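Going left to right, the sequence shown walks through residues 1 to 200 as the UniProt record's numbering numbers them.
What follows is a set of notes on a single structure, which appears directly below.
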Amino acid sequence: MPRGVAIPEVRQQLFAAVEQVVVRDGPGKLSGRAITGEAGVATGLLYAHFTDFDDFLAAYAVDRSFLISAAAATLPERAGTGSVTANLGDALLSTPPTTLLTLTRLIASRPRLPGLVRAVLGDRTAGLDAVEKAVAAYLTEERRLGRLAAAADPAALALALVGVLQRVTLTGAPEAEVRARVESVITTLLTSLGGGVQPR
Numbered sequence: 001m002p003r004g005v006a007i008p009e010v011r012q013q014l015f016a017a018v019e020q021v022v023v024r025d026g027p028g029k030l031s032g033r034a035i036t037g038e039a040g041v042a043t044g045l046l047y048a049h050f051t052d053f054d055d056f057l058a059a060y061a062v063d064r065s066f067l068i069s070a071a072a073a074t075l076p077e078r079a080g081t082g083s084v085t086a087n088l089g090d091a092l093l094s095t096p097p098t099t100l101l102t103l104t105r106l107i108a109s110r111p112r113l114p115g116l117v118r119a120v121l122g123d124r125t126a127g128l129d130a131v132e133k134a135v136a137a138y139l140t141e142e143r144r145l146g147r148l149a150a151a152a153d154p155a156a157l158a159l160a161l162v163g164v165l166q167r168v169t170l171t172g173a174p175e176a177e178v179r180a181r182v183e184s185v186i187t188t189l190l191t192s193l194g195g196g197v198q199p200r
């Protein structure tokens, strides 16, 4: 994607500016000038590292989708340790809500982005798809270990949890509120729909 070898600090500075603009003004206000102005750098700097603005946004989406998926990738390995609710909370809430909010809004406004992300990271291995897959795998293992009720449906629970995370994030609520609401839903789903978590 980048035309040359981009300086990582500059890329991340520009990516952070995307989130600030989208959260404050919405994706409709995104432009090269808006991003570089928010980042406090010259407009030409963006185009020194990316072919065009679409290339830049694709690079942002790939970067953030990878971060989201990487945060949940180790969740299945935690089966049998700690508490199930805490492990799920850590995995679901490790990505800042502003990043999830920005990526979701950006993808909704630019339908080509998901395909570009999948072309780089693969199907169901990026973003919230990867989180859902990791949560389902984790809950399947916890059920096998007896720490999740045998009647629980790991795939359904994973879909519900990721759906709640995305819904709550889209409200634009402060991070503390997002965390509290998601953690509350995790506990409720595991105890009522999942039949209860075995204390171990």
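Every residue gets a Cβ at the ideal spot worked out from N, C-alpha and C, and that includes glycine.
In this text, all values refer to a predicted model and were calculated from it rather than measured experimentally.
Item to check | N-terminal and C-terminal residue of the alpha helix (DSSP H) that Ala-155 is part of | outcome: 154-170
Next on the checklist: Glu-141 and Pro-97 - do their beta-carbons sit closer together than 9 Å?
Outcome noted: no
Next on the checklist: Can you list, in chain order, the residues of its chain with a C-beta nearer than 6 Å to that of Ala-39? Leave out the 5 residues immediately preceding and following it.
Outcome noted: Gln-13, Leu-14, Ala-17
Item to check | Among Leu-100, Ser-65, Ala-72, nearest to Val-117 - alpha-carbon criterion | outcome: Ser-65
Item to check | Per-residue burial, Gly-127 [other beta carbons within 10 Å of its own, 16 or more giving buried] | outcome: buried
Item to check | the region 143-150 in contact with the region 92-112 per 3-pair CB rule at 8 Å | outcome: With the cut-off at 8 Å, the region 143-150 and the region 92-112 do not touch.
Checklist entry - If you draw a straight line from the C-alpha of Val-120 to the C-alpha of Thr-85, how long is it? => result 32 Å
Checklist entry - Relative to the C-alpha of Arg-105, which residue among Lys-133, Gln-20, His-49 is closest? => result It is Gln-20 whose Cα lies nearest to the Cα of Arg-105.
Checklist entry - Where does Gly-133 land, buried or exposed, given buried means 16+ other C-beta within 10 angstroms? => result The sequence shown places Lys at residue 133, rather than the Gly named in the question. The residue is buried, with at least 16 neighbouring Cβ atoms inside 10 Å.
Item to check | First through last residue of the alpha helix (DSSP H) which encompasses residue 202 | outcome: There is no way to answer for residue 202, as the model of the chain reaches only from 1 to 200.
Checklist entry - Helix, strand or coil: how does DSSP classify Leu-101 here? => result helix
Checklist entry - Which residue from Thr-43, Asp-129, Leu-159, Leu-100 puts its Cα closest to that of Arg-179? => result Each of Thr-43, Asp-129, Leu-159, Leu-100 was checked against the Cα of Arg-179, and the nearest Cα belongs to Leu-100.
Checklist entry - Could you give the distance in angstroms between the alpha-carbon of Glu-177 and the alpha-carbon of Thr-187? => result 16 Å
Next on the checklist: Less than 9 Å between the C-beta atoms of Arg-78 and Tyr-138, yes or no?
Outcome noted: yes
Checklist entry - Taking 9 Å as the CB-CB limit, is Ala-34 close to chain D? => result The structure shown contains no chain D; it holds only a single protein chain.
Next on the checklist: Helix, strand or coil for Leu-106? Go by DSSP, reduced to three states.
Outcome noted: helix
Checklist entry - Is it right to say Ser-69 is buried, meaning 16 or more other beta carbons lie within 10 angstroms of its own, or is it exposed? => result Ser-69 counts as buried, since no fewer than 16 other beta carbons sit within 10 angstroms of its beta carbon.
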